[in-house]
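Sequence lines, in order, name chains C and D. Residue numbers are given in the working numbering: position 249 of the first sequence equals residue 249, and the series is strictly consecutive. Just remember that the working numbering sits 1000 ahead of the position in the second sequence, which is counted from 1. Quick reminder that beta carbons are idealized off the backbone N, C-alpha and C, glycines included. On a predicted model such as this, the values are computed, not experimentally measured, just so you know. Worksheet: one structure, shown below.
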Amino acid sequence: MSERLEIGLETLRNEMDSKVQSFFSSCVRCGICAEACLFYTETQDPRYTPIYKTEPLRKLWQKEYSFWGKLSKAMGISKPMTEADLADWEELVYDGCSMCGRCSMVCPVGVDISGIIFKVKHGLAKAGFSPEGLVGATKRAVEIGSPMGITLPTVQAMIKHVEADTGLKVPMDVEGADYMALLSSNEIALYPEYLESLVKIFDHAGVSWTLSSHAFEATNAGLQLGDKKIAGQLVQRVVDGAEKLKVKNVISPECGHAYTALRWEGPNFIGKAYPFRVVHILELLDELKAEGRLNTTGLESDRLTFHDPCSIVRRGGVNAQPRNLLGAISADFVEMEDHGSMNWCCGGGGGVSSNERAHELKLTAFNKKKSQVLATGAVGLVTACSNCRTTLEEGVEENEMEVEVLGLTEMIAAHLAEKPASTQNA
Amino acid sequence: MIQQIIEGPLWYLSLAVFCIGVVWRLGSIIFASRKQDLSAPRGSAAPGAIRTVFSRFLPHREIASQITLPVVAGYMFHLGLFALLFFAAPHVIFIEEHLLGIGWTPMPHWAFIVAAQFAFFGLIVLWLRRMVSPVGRLISTLDDHVSAILTFVVMLTGCFALLEGSTGLRLLHRFTVELWLIYFPFSALMHTFTFVPSRAFTGAWFGRRGIDA
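The following block contains the structure:
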């Protein structure tokens, strides 16, 4: 047995917990999960059936944990797992799965298929069966601090522009601030208007906040790759930054997997609970609105619809907040037919958008979103994840759709009313 | 001789394998390692677990039209089999005389016929779908086919056993039931019990995150 195979199998063995065993004991291979997966519905390729993507772990369970597997081994007729059992699944789990979790919502016996696929990814990553693009992004995240190679001077240059455009100060390394904001790589490189919006909104609402020169990057390439150790290192960087500045809250930006990494998986990756709260920017905006600290004016007259980022809504539970916020600034907001926790993914999540090899497949998968958006007649497609946003923009462009992709935080900033009396002197 | 074995040692052996096997399988799942989730919960795990155990009996509206066939066939099979198992007159008598010491009102003959038709139709449709659809063919395992065929044979011999004059057919049914009981704990048939912890684990996970699943 090769060393990489042994590492991969040992990693998978460590994932064989109570949940996994109950899942594999319950699955009857009904195939219903296929109908929930856009990689299957848009290609009709049965290999993209979600439960099939878990085969490496199921096979290991069958061989080493089931009665028949143990009996076969004792009788010396069990065939050992090979490198092909891992290598042949690389394309399926990295290119053909955006970790959207829709399959986990429909399984009749309750298997969290998406959760198992992440465990398979972890095994493949450890064994070195991962796409080059993602491995490179993860390496840059560890060595440089950002998967896109963005450094502090780049952020500082962006801050200068934002300060010049808004006339407002962007606080950096302010100890004791209530909130520490983070940015995703896309928001630094492609959507600087996100930071500009934060500055305006927080000034309007009188929020005590800061950026950290130590931890400005929220993107977690380790999570996308499926490497828990690296994901933990990247989370620890944020935790260190937050603890150094003694902030009470950390704001996850408009980035789905960053929210998952920070809010839900981070404490498990680093093995301890946080001394601060993690809040998604949409949760915070909704809280500020409810407290009367965030007032908007004017309504968008164009028809708008909302693309639910899977990691924020279905797997993150931030469902009502974007709708509350959109309701305050739109006169013609319409939902897509399947929305909220049963939305369809854009096709670029789970590291697919960082994986050049998956480009064509991603565009094919986008056809589901295309038909959904066109059915609404909306001219504005609002979302709250920069990764979704780039995927949607690419799909819109590729399909020559007459739709503008918009970020929700920016839309809120564009509709800010006069400062509330309580924050006039802030 | 064969009758004595089937009604004696083999019956007790199959019952023991079934009971011990099911308890062992459930125990190995429940007592396997479980990592504590260190993230701050938004909601409660227990209500989420209970909700999902029941909510998954019905498909989500958003996907219902795509999975009508397996859902309808699945319900026909499972409800039909449940009715046959616990309310067919010969089974009620058997349970009273050999297992629990108490009985209940069996279903009338017409209901038995309807239940049997439901169960057979559902099982055959589910198995054909498994054989015909590219997804079913790709993901099905030998165990899935053995489980389905063994269940079919048990149901078929059960119908034969209704010819009460034939001891041989009744013994054949009892023998297939014993094989089914022995196979049960080591097969996909275990989903009869394990679907509960499976749904509960997932429901608890979603519940902590404040999501209805």
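Would you mind sorting C:D178 into buried or exposed? The rule is 16 or more other CB atoms within 10 Å of its CB. Position 178 of the first sequence, counted from the start, is the residue given in the question as residue 178 of chain C. Exposed, because fewer than 16 other Cβ atoms sit within 10 Å of the Cβ of C:D178.
Hey, D:I1063 and C:E35 are a contact pair by Cβ (cut 8 Å); roughly how many whole angstroms apart? Within the second sequence, numbered from 1, the residue matching residue 1063 of chain D stands at position 63. Within the first sequence, numbered from 1, the residue matching residue 35 of chain C stands at position 35. The beta-carbon distance between D:I1063 and C:E35, rounded to whole angstroms, is 6 Å. This is short enough to meet the 8 Å contact definition.
Starting from D:S1147, trace the alpha helix (DSSP H) both ways and give me its first and last residue. Here residue 1147 of chain D refers to the residue found at position 147 of the second sequence. Run containing D:S1147: L1142 to A1161, per the alpha helix (DSSP H) assignment.
Give the residues of chain C in contact with D:A1032, contact being defined as C-beta atoms less than 8 Å apart. Here residue 1032 of chain D corresponds to residue number 32 of the second sequence, with the count starting at 1. Chain-order list of chain C residues neighbouring D:A1032: M16, D17, S18 and Q21, by C-beta distance under 8 Å.
Sequence-distant residues of the same chain with beta carbon closer than 6 Å to C:I270, five excluded per side: As a first step, residue 270 of chain C is located in the first sequence; it is residue number 270 there, counting from the start. Hits under 6 Å: G232, V235 and Q236.
Chain-order list of residues whose beta-carbon lies under 8 Å from that of C:I150 (same chain, five-residue window excluded): Walking along the first sequence from the start, residue 150 of chain C turns up at place 150. Here the set comprises I144, S185, I188, A189 and E217.
So, do the region 1180 to 1188 of chain D and the region 1145 to 1158 of chain D have three or more beta carbon pairs nearer to each other than 8 Å? yes
D:L1138: contacting residues in chain C (beta-carbon distance under 8 Å): Against the second sequence, residue 1138 of chain D aligns to sequence position 138. The answer, in chain order, is P46, R47, T49 and Y52.
The beta strand (DSSP E) with C:R277 in it runs from where to where? In the first sequence, the residue the question calls residue 277 of chain C occupies position 277. Per DSSP, C:R277 belongs to the beta strand (DSSP E) from R277 to H280.
Taking 7 Å as the CB-CB limit, is C:M411 close to chain D? Translated into positions along the first sequence, residue 411 of chain C becomes position 411. Judged by the 7 Å Cβ criterion, C:M411 is not in contact with chain D.
Mind pulling the chain D residues with CB within less than 9 Å of C:P267? Within the first sequence, residue 267 of chain C is the residue found at index 267, counting from 1. Those within 9 Å of C:P267 in chain D are D1037, L1038, S1039 and A1040.
Reference C:M75; option with closest CA among C:T305, C:K63, C:N14 and C:P56: Numbered from 1 along the first sequence, position 75 holds the residue referred to as residue 75 of chain C. Measuring from the Cα of C:M75, the nearest candidate turns out to be C:K63.
Determine the closest residue to C:H452 out of C:G133, C:V109, C:P267 and C:W89, with distance taken between C-alpha atoms. Only positions 1 to 426 of chain C appear in this structure, which leaves residue 452 of chain C out of reach.
From what residue to what residue does the alpha helix (DSSP H) around D:M1076 run? Taking the second sequence and counting its residues from 1, the one referred to as residue 1076 of chain D is at position 76. Residues T1068 to F1087.
Cα-Cα, which of D:G1008, D:F1195 and D:R1199 is closest to D:H1098? Translated into the one-based positions of the second sequence, residue 1098 of chain D becomes position 98. Between D:H1098 and the set D:G1008, D:F1195 and D:R1199, the nearest pair of CA atoms involves D:G1008.
Measuring only between beta-carbons, confirm whether D:H1191 sits less than 7 Å from chain C. The residue you call residue 1191 of chain D lines up with position 191 of the second sequence. Judged by the 7 Å Cβ criterion, D:H1191 is in contact with chain C.
Which word fits D:P1041, buried or exposed, when buried means at least 16 other C-beta atoms lie within 10 angstroms of its C-beta? Translated into the one-based positions of the second sequence, residue 1041 of chain D becomes position 41. D:P1041 is exposed by the Cβ-count criterion.
Which word fits D:F1118, buried or exposed, when buried means at least 16 other C-beta atoms lie within 10 angstroms of its C-beta? For the purposes of this step, residue 1118 of chain D is taken as the residue at position 118 of the second sequence. D:F1118 is buried by the Cβ-count criterion.
What's the call for C:D438, buried or exposed, on a 16-neighbour Cβ count within 10 Å? Absent from the model: residue 438 of chain C. The displayed extent of chain C is 1 to 426, so no value can be given.
Cα separation between C:N367 and C:M342? As a working mapping, residue 367 of chain C is identified with position 367 in the first sequence. As a working mapping, residue 342 of chain C is identified with position 342 in the first sequence. Taking the straight line joining both Cα atoms gives about 17 Å.
Coarse secondary structure for C:I251, derived from DSSP in three states: Locating residue 251 of chain C in the first sequence gives position 251, where the first residue counts as 1. Reduced to three states, the DSSP call for C:I251 is strand.
May I ask you to list the residues that DSSP assigns as paired with D:G1210? Counting from 1 along the second sequence, the entry for residue 1210 of chain D is found at position 210. Per DSSP, none; premise fails for D:G1210.
Chain C partners of D:P1059, CB-CB under 9 Å? In the second sequence, counting from the first residue as 1, residue 1059 of chain D sits at position 59. I32, V106 and P108, listed in chain order.
For D:S1214, go through chain C and note every residue whose CB falls closer than 7 Å to its CB, in chain order. Because chain D in this structure spans residues 1001 to 1213, residue 1214 of chain D falls outside the shown range and cannot be described.
So which of C:L38, C:S104, C:L60 and C:T210 has the shortest CA-CA distance to D:T1052? Looking up residue 1052 of chain D in the second sequence gives position 52. The shortest C-alpha separation from D:T1052 is found at C:S104.
Taking only three categories from DSSP, how would you classify C:E91? Residue 91 of chain C sits at position 91 when you count from the first residue of the first sequence. In the structure shown, C:E91 sits in a helix (DSSP, three-state: H, G or I).
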